[in-house]
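Sequential numbering from 15 applies to the sequence shown in our numbering. Every residue, glycine too, gets a C-beta built ideally from N, C-alpha and C. A quick note: this is a predicted structure, and the numbers were derived from the prediction, not measured. The structure appears below as structure tokens.
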Amino acid sequence: MKLRPQQRMILIAGALMGAVLGAGVAWMLTQPDERGGDRHKQPLRPSDLFKLTANIAALLREIDEIRRRV
């Protein structure tokens, strides 16, 4: 697959942003809870997962919009 220089640069930038984002999420998930115990944890609600999914969809739409402008 041949890429133009601009496409190659965008591909590299996207890969780096994805790696940094993935490392950041992994770091957040491995940090201990600073509230001091399991009794304060609240279970995930379906609305929490819905909000997360909606935010991810919005992010993907923004990325697609940027892709169309490049």
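Fully contained in the segment 28-63 is no beta strand (DSSP E) run of length 3 or more. In the three-state DSSP reduction, M15 falls in the coil class, being neither helix nor strand.
Going by C-alpha positions, L30 is about 18 angstroms away from M42. Our two residues, G28 and R83, have alpha carbons roughly 15 angstroms apart in a direct line.
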